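The opening position of the sequence shown corresponds to residue -17 in our numbering, with each subsequent residue numbered one higher.
We put the beta carbon where it would ideally sit given N, CA and C, even for glycine.
Note that the structure is a prediction, hence the values are computed from the model and not measured.
Encoded as structure tokens, the structure appears first; notes follow it.
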Amino acid sequence: MRAVENALDIVIPDNARIIRNLITGIQYVQDHVIHFYHLHALDWVDIVSALSADPAKTASLAQSLSDWPKSSVTYFKGMQDKLKAFVERGQLGPFSNAYWGHPAYKLPPEANLMAVAHYLEALDWQRDVIKIQALLGAKNPHAQTYLVGGMSIPVDPNSQNALNAGSIAFISGLARKAHEFVEKVYIPDLLAVASFYKEWASYGEGVGNFLVYGEFPKD
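Following this line, the structure appears as structure tokens:
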């Protein structure tokens, strides 16, 4: 889109630039959380091991990492009971196809329970967060509101059929919720899990460079 606009020497309105950045930004944040918990974490987190965790010790571990309000003994005990019910019924669903108990898993039971609880919590989190993309982009993950020269979503503080003060306030609340989860759950979990698998940092390492091509234009 920007390549076409650059070729045609089109400068988009500030509102269009901001909306594009918001859509890209929330997709960026959502993708990181989804890839960590729902696509990759179970390669390092042993679901079944979480059944032997002490919920009190799990709460202490979580509280030592951040002040996330759900990090209570009751919360982790409830999550453990839910997981136990899945296992006893033989209904592990997405958790059924793995090598639980394999010696390559290094996390202690309490760290496993913490990660599993946050895995489930992240499912609810992303359901709310993608509302931002629905409001601004009309679809997740492939936004439908991009146009050469701007965006198709109107901005009018006095219209119920446009991006107005109420919808902007709603989006701001969702963005704050997304930020809090990333700061108090995702990043602490990522660092905690990574600390048990430090050797993985060098697996597949090449020249040590990263591809960076810029995003979130400011003008």
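Bridge partners - residue i, DSSP secondary structure assignment
i, result
"Tyr128", "Met133"
"Leu145", "Val137"
Residue i, buried or exposed, once every other Cβ within 10 Å from all chains shown has been counted against 16
i, result
"Met96", "buried"
"Glu232", "Only positions -17 to 201 of the chain appear in this structure, which leaves residue 232 out of reach."
"Thr56", "exposed"
Contact check, residue i vs residue j, beta carbons under 9 Å
i, j, result
"Ile153", "Leu47", "no"
"Gly7", "Phe198", "yes"
"Phe18", "Tyr185", "no"
"Thr174", "Leu43", "The question names Thr, but residue 174 is Ala in the sequence shown. Yes, the Cβ-Cβ distance between Ala174 and Leu43 is below 9 Å."
"Ser149", "Leu172", "no"
"Ala160", "Ile114", "yes"
"Trp26", "Phe178", "yes"
"Gln12", "Gln126", "no"
"Pro90", "Gln62", "no"
Extent of the continuous alpha helix (DSSP H) to which residue i belongs
i, result
"Pro37", "Pro37 to Leu47"
"Phe58", "Val55 to Glu70"
"Met(-17)", "Unbroken run through Met(-17): none, as it is neither H nor E."
"Trp107", "Pro91 to Gly119"
8 Å contact criterion, which residue i and residue j should meet: CB distance rounded
i, j, result
"Asp(-4)", "Asn94", "Not a contact, Cβ separation roughly 47 Å."
"Gly131", "Ile(-8)", "5 Å"
"Ile112", "Asn122", "4 Å"
Min CB distance residue i to chain D below 9 Å
i, result
"Gln62", "Included in the structure is just one protein chain, with no chain D present."
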